[in-house]
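A short worksheet on the structure shown next.
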Amino acid sequence: MANKSGYIGERFIGLLTPLVLLGMWEAAARTGLIDARFFPPPSSIVHTFGALIASGELWTNLVASLRRLFLGMLLGGVPALFLGLAMGISKPLRAAIDPLISATYPIPKSAILPLVLLIFGLGEMSKVVMVALGAFYPILINTVMGVANIDKIYLDVGHNYRASRWQVFRTIALPGALPSIMAGVKLAMGMGLILIAISEMVAASDGIGYMIWNAWQVLTVDTMYVGLLVIALLGFVFSVILDEIERMLIPWKARA
Amino acid sequence: MAVVSMLNVKPSPAEAAPPVQISLRGVRKYFGSSGFVAVDGIDLDIPQGQFFVIVGPSGCGKTTLLRMLAGLESLSEGTMKLNRTDPSRPENSMVFQGDSLFPWMTVYDNAAYGLRMRGVSDKDVEESVKLWLERIGLYRFRDRYPSQLSGGMRQRVSIVRAFANDPEILLMDEPFSALDEQNKMLLHEELLRIWEATKKTVVFITHSVDEAVTLGDRIMIMTANPGREKAIIDVPFARPRNVLELRHDPAYGDLVFHIWEQLRDEVQRARMNAEGGK
């Protein structure tokens, strides 16, 4: 009981802090304590939020970003998953590809944007490829680690029970690596959000990133805040969804 | 041997002896560049249906020997023959030391693993796994994951996994070493009960003399570093055995003492080697 009320208390405090801060912000902006041109009061941001929804503008931009994000995650994540599993199982393959990964991983993905634009042009593909690049590395690296770190005793069991290579893969390597793979997917999602915002700012005519950049160019600061709010919400919703998927895919962790 | 038994009903060798199932000749194992000799010249015949126990100090190569029998380790020298009586059944299944159940599979799926890997139909898997889980009293836990079980229950499931696979030879690598005394006693009873129903050939490794005498038909004492055969001792107690009553038998104490005497030098030598090696 004490624990439960303690938990509810913590939730309450957690909710209270942002509300108090928003209230202070509202008051400070209205009384002119802070410059409302840079920090418009939350009420006016909410008002703009409503207007952008009503005009359909927010929806159009949101769908454009989500589409790129989704396609990019697939384009980067699926090859990363398969390559990672193969590298985790085969030491020679790992030895061959590891140096390439180590060499290219530290390059900031945003720095590759001009090259990606050059190769893929200003169309949809360049944005999708940016997200894919961001998703590729964390999923690949986590998958390799996940497979390579599987306790050797499980592989011994597989061999002793005469599991074929494919059976070892399906019954041991894949489920054993799944927790680590899911951690990689979460990192990839965060990376994807960063990269979609950047690439839409530079080279797009729609999307949340474009909306924020355009708001800066025409100085509609409220719209800029709406864009930031939407990205923050996306991050939150994605993490909730991924947690749920994790619970479904990895039931042995959740029920422990 | 100065061991008196209460009910010696073992057949004398003259009576139709069961065929040899495991035959080792001059088996050696050394590891790579270090040249460390783990197992040095083991000659051994284990008849079909025998519960064979290997005792020795830690690091005497007994696990290596078992892993060679399991096909998880290659022989450096010598020959190993496992005579099959029924090629349709798997040759051997191993019960590993420590936690070897797959954490991502339920009790049922873990127990069914061997059968599924060799393509047994779902219906037959169900039948066999249900039978074995019921025999060991875990059928109602079939949908649990290993993390939701106690250590003793987990080890029972890994024993079921091996038995359900119905191998000709059962290999057990200190399966109870991580358990407390009470659990160990109960599991000895259970293991004997289900083994006596199947009479599989068992090779069981332990560092516990009590465990060896309680379970085994024949005990091999191994020397430490390199691992050699020091003595082979017949255990005269009749089957089925009662684990608790067995300890009352004066012959039990004599046999434990006798084995301990031989083992003590080896344990001391292993310890001195370990300390000298620092």
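Sequence lines, in order, name chains C and U.
Here the first sequence stands for residues 342 to 597, numbered as in our numbering.
Here the second sequence stands for residues 7 to 284, numbered as in our numbering.
All residues carry an ideal CB built from backbone N, CA and C; glycine is no exception.
Indicate whether at least one CB of chain U lies closer than 8 Å to the CB of residue i.
i, result
"Ala514(C)", "no"
"Trp593(C)", "yes"
"Ile494(C)", "yes"
"Val526(C)", "no"
"Gln508(C)", "yes"
Ignore the nearest five residues each way along the sequence and tell me which others in residue i's own chain have a CB closer than 8 Å to its CB.
i, result
"Glu272(U)", "Gly62, Pro63, Cys66, Ile227, Met228, Thr229, Ala230 and Lys236"
"Val285(U)", "Absent from the structure is residue 285(U), since the part of chain U shown begins at 7 and ends at 284."
"Asn14(U)", "At Asn14(U), the pLDDT of 46 sits below 50, so the modelled position is not reliable; the number obtained from the coordinates is stated separately. Excluding residues within five positions, the ones whose Cβ falls inside 8 Å are Pro242 and Ala244."
"Ala427(C)", "Leu434"
Skipping 5 residues on each side, what residues in its chain have a beta carbon closer than 7 Å to that of residue i?
i, result
"Lys87(U)", "Ser29"
"Arg148(U)", "Thr112, Val113, Tyr114 and Leu139"
"Arg167(U)", "Asn116, Ala117, Tyr119 and Gly120"
"Ile572(C)", "Leu534, Ala538 and Ile549"
"Val215(U)", "Val61, Val262, Ile265, Trp266 and Leu269"
"Leu252(U)", "Thr220, Phe243 and Tyr258"
"Arg378(C)", "Val562"
"Phe108(U)", "Asn116"
"Asp547(C)", "Thr401, Asn402 and Ala405"
Just the chain U side, please: which residues come within less than 9 Å of residue i by C-beta, in chain order?
i, result
"Gly517(C)", "Phe108, Pro109 and Trp110"
Under 7 Å Cβ-Cβ, which residues of chain C neighbour residue i?
i, result
"Ser156(U)", "What Ser156(U) touches in chain C: nothing, since even the nearest Cβ is about 13 Å away."
"Arg124(U)", "Arg503"
"Gly120(U)", "Tyr502"
Would you say residue i faces chain C, with C-beta separation under 8 Å as the test?
i, result
"Asn171(U)", "yes"
"Val15(U)", "Since pLDDT at Val15(U) reaches only 47, below the 50 mark, its modelled position is unreliable, and the value read off the structure follows with that caveat. Not closer than 8 Å to any Cβ of chain C, the Cβ of Val15(U) fails to qualify, so no."
"Tyr114(U)", "no"
"Leu269(U)", "no"
Taking C-beta pairs closer than 7 Å, name the residues in chain U that residue i reaches, listed in chain order.
i, result
"Ile337(C)", "Past the boundaries of the shown model lies residue 337(C); chain C is included only from 342 to 597, so the question cannot be answered."
Identify, in the order they occur along the chain, each residue of the same chain with its Cβ nearer than 6 Å to the Cβ of residue i, setting aside the five sequence neighbours on each side.
i, result
"Leu363(C)", "Pro383"
"Glu180(U)", "Gln103, Ile211 and Thr212"
"Gly285(U)", "No information on residue 285(U) is available, as it lies outside the stretch 7 to 284 that chain U covers here."
"Val470(C)", "Val457 and Phe461"
"Val4(U)", "Lying outside 7 to 284, the shown extent of chain U, residue 4(U) is not represented and no answer is given."
"Gly429(C)", "Val485, Val488 and Ala489"
"Asn279(U)", "Asn231"
"Pro173(U)", "Pro96, Asn98 and Ser99"
"Ile239(U)", "Ile225"
"Lys527(C)", "Leu583"
What in chain U is Cβ-close to residue i, meaning under 8 Å?
i, result
"His500(C)", "Gly77 and Leu78"
In chain C, which residues lie less than 9 Å from residue i when you measure between Cβ atoms?
i, result
"Ser96(U)", "Strictly speaking, residue 96(U) in this sequence is Pro, with Ser absent from that position. Those within 9 Å of Pro96(U) in chain C are Tyr502 and Arg503."
"Phe102(U)", "Ile494, Asp497, Val498 and Asn501"
Going along chain C, which residues have a C-beta under 8 Å from residue i?
i, result
"Ser99(U)", "Asn501 and Tyr502"
Consider the Cβ of residue i: report whether some Cβ of chain B lies at a distance smaller than 8 Å.
i, result
"Ala22(U)", "In the structure shown, chain B cannot be found, because the protein chains are C and U."
TODO: Identify every run of the alpha helix (DSSP H) within the stretch 200 to 254 of chain U, keeping only runs that are complete inside it and at least 4 residues long; order them along the chain.
DONE: 215 to 221 and 249 to 252
Open item on the list: Restricting to runs no shorter than 3 residues, where is the beta strand (DSSP E) found entirely within the stretch 421 to 452 of chain C?
Closed with: none
Task: Runs of beta strand (DSSP E) wholly within the stretch 14 to 95 of chain U (minimum 3 residues, chain order) - done: 26 to 37, 42 to 53, 57 to 61 and 83 to 88
TODO: Name, going along the chain, the residues of the stretch 127 to 154 of chain U whose beta-carbon falls closer than 9 Å to a beta-carbon of chain C.
DONE: Arg150, Tyr151, Pro152, Ser153 and Gln154
Task: Secondary structure, alpha helix (DSSP H): runs of 4+ residues fully inside the stretch 561 to 597 of chain C - done: 562 to 590 and 592 to 595
Open item on the list: Runs of 4 residues minimum, wholly inside the stretch 356 to 407 of chain C: which ones carry the alpha helix (DSSP H) assignment?
Closed with: 383 to 395
Task: Whole alpha helix (DSSP H) elements within the stretch 94 to 150 of chain U, 4-residue minimum - done: 113 to 117, 119 to 123 and 128 to 141
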